[in-house]
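First to last, the protein sequences are chains F and D. If you count by our numbering, then the first sequence holds residues 1 to 210, one letter each, in order. If you count by our numbering, then the second sequence holds residues 211 to 420, one letter each, in order. We put the CB at the ideal spot given by N, CA and C, even for glycine. Model, not experiment: these values are computed from the prediction. First up is the structure itself, then whatever we jot down about it.
Protein chains: 2
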Amino acid sequence: MTKLLIYEDNPQLREGLSMLINGSDGFEVLAAFKNCNNVIEEVDTWKPDVILMDIDMPGINGIEGLKKIRQVNDEVKILMLTVFDDNKNVFQAISGGANGYVLKKTPPTKLLEYIVEAQSGGAPMTASIATQVLKMFSSMNNEKGEDYNLSDREKQVLQLLVEGYSYKMIANEMFIAIDTVRSHIKKIYEKLHVNSKSEAVAKAFKDRLV
Amino acid sequence: MTKLLIYEDNPQLREGLSMLINGSDGFEVLAAFKNCNNVIEEVDTWKPDVILMDIDMPGINGIEGLKKIRQVNDEVKILMLTVFDDNKNVFQAISGGANGYVLKKTPPTKLLEYIVEAQSGGAPMTASIATQVLKMFSSMNNEKGEDYNLSDREKQVLQLLVEGYSYKMIANEMFIAIDTVRSHIKKIYEKLHVNSKSEAVAKAFKDRLV
DNA sequence: CACAGGATAACATATTTATGCGGTTACGGT
DNA sequence: ACCGTAACCGCATAAATATGTTATCCTGTG
């Protein structure tokens, strides 16, 4: 028997979900709430297996509710429900520890499947959400592009710059004169199209040269 | 009619998949190959809607094949097939532009569903894979640790430092005296435990303060 | 071989940064 | 009314950085 809690501010939807789930074999809705004001106590009291959490709620919204729960409970599976596949929310929800993210328009039978999937350790996502996630991921990893063809020595200098070394320390570290360090750095600036140490460092991070 | 190409080195599985898919209404396997050696030409010739790409292949593996295709074709949907939900591969595949990632043990009917889902712009993933993805995401964004409690103004200054502004430019931008900029920056260095602009910039990136 | 490019180095000079000290004003909390 | 803190500003000085120019040595390539 899968035990659920529901958080959903819309009374119709809240009742509809409860009835749908209670009417299905193997599922039981322990309680349904219209806000997250006492979410921690409620979860503690009812000890559900899965929580359906609406995102767009007045007061403490679903994302905040999610985070509150995760501060004290890593076990319970939390399935986020939303109307929109809004980029920002998706990101916050998954980095906040949600187990799944499904659109409200998901057909009932699918929803039950998703609940089961979540309970058994899966991460159900509506296809459009999954697409978003993949997009975020690949944009995150935007494989550089230019490599600025820095020479080996230049890369090494840049590396040390990034680690906070001064010219003097770099010279020391690399067994070369400080003026040589200057030469290298000047070259690096040309290649990266910057003109200060901190810009070079920033660029190194941005373009994942380090 | 959904047109597919299959890349799979195991002859049994290759034949099995082809027969399964060809035997289903609305699907047609254009061709099936045992390696990715000519993947670009093949994709160009057959113009499939969806490609099933095994990951573990001798020679050019599925990840490399994926990348090759993506260099010249962003349209075709690519569904990665694998035996293991191996962390590294998942990451590489999704950042390489795969549209979905499913385990080989996926039951036939599910697989057909996934193909449809991929074709219609979704991102089908086996639950265990989706879980991996979410985990990667949340571990990625966990950091935070100290927030260094920078004041609003200090955050603003740091932001500008990161963007490569000099003290003078910051003063200009923020309508304050350059000496005030100095004061702020000194305070920032204390709070971040650094003692140079570039170190502060590096720390800002590392700790995701920006 | 000549030539290009990388790595090395020196010198000079202007600008920027880091750090020390000092100070005023304003606002929220005890 | 007092304290702490943020935000603001100034002066002085030492250190670090940015920029330009020049030059040698070595290595790989046409």
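Contact set for residue i: own chain, Cβ-Cβ below 6 Å, skip 5 residues either direction
| i | result |
| --- | --- |
| F/Y167 | I178, V181 |
| D/G332 | none |
| F/A117 | The question names Ala, yet the displayed sequence has Glu at residue 117 of chain F. Around F/E117: P124. |
| F/E8 | R14, D54 |
| D/V293 | K314 |
Cβ neighbours of residue i in the same chain (closer than 7 Å, five flanking residues each side left out)
| i | result |
| --- | --- |
| D/V404 | A410, K413 |
| F/V72 | I40 |
| F/T131 | none |
Chain-order list of residues whose beta-carbon lies under 8 Å from that of residue i (same chain, five-residue window excluded)
| i | result |
| --- | --- |
| D/A337 | none |
| D/W256 | K213, L215, L240, A241 |
| D/I279 | V249, I250, V253, I261, V286, I288 |
| F/Q156 | M174 |
Reference residue i; option with closest CA among the options
| i | options | result |
| --- | --- | --- |
| F/L13 | F/K206, F/I69, F/P108 | F/P108 |
| D/L313 | D/I325, D/K416, D/V286 | D/I325 |
| F/P11 | F/M1, F/K3, F/M57, F/S196 | F/M57 |
| F/G96 | F/T2, F/S120, F/E64 | F/E64 |
| D/D264 | D/K244, D/F237, D/R280 | D/K244 |
| F/Q119 | F/E173, F/V50, F/D25 | F/V50 |
| D/L227 | D/N309, D/K320, D/D296 | D/K320 |
| D/N343 | F/R153, F/Y101, F/I185 | The residue you asked about is not Asn; residue 343 of chain D is Val in the sequence shown. For D/V343, the nearest C-alpha among the options comes from F/Y101. |
| D/K277 | D/C246, D/D296, D/K298 | D/C246 |
| F/F243 | F/G59, F/R153, F/Y189, F/K191 | The shown model of chain F, from 1 to 210, leaves out residue 243 of chain F, and the question about it has no answer. |
| F/K135 | F/Y165, F/G164, F/K155, F/K88 | F/K88 |
| D/I398 | D/L230, D/N271, D/N232, D/L360 | D/L360 |
| F/D74 | F/D85, F/L81, F/N99, F/V90 | F/N99 |
Reduced DSSP secondary structure (H/G/I, E/B, other) of residue i
| i | result |
| --- | --- |
| D/F301 | helix |
| F/E113 | helix |
| D/L227 | helix |
| D/E353 | With a pLDDT of 48 at D/E353, under the threshold of 50, the predicted position of this residue should be treated as unreliable, and no value is reported. |
| F/K3 | strand |
| D/V367 | helix |
| F/M57 | coil |
| F/E28 | strand |
| D/K401 | helix |
| F/T126 | coil |
| D/T316 | coil |
| F/G97 | coil |
| F/K68 | helix |
Interfacial residues, the region 68 to 86 of chain F to chain D, with Cβ spacing under 9 Å: none
Chain F contacts made by the region 322 to 343 of chain D, where a contact means CB separation under 7 Å: E327, G331, G332, A333, P334, M335, A337, S338, A340, T341, V343
Against chain F: residues of the region 397 to 413 of chain D by CB proximity under 9 Å: V404, N405, S406, K407, S408, E409, A410, V411, A412, K413
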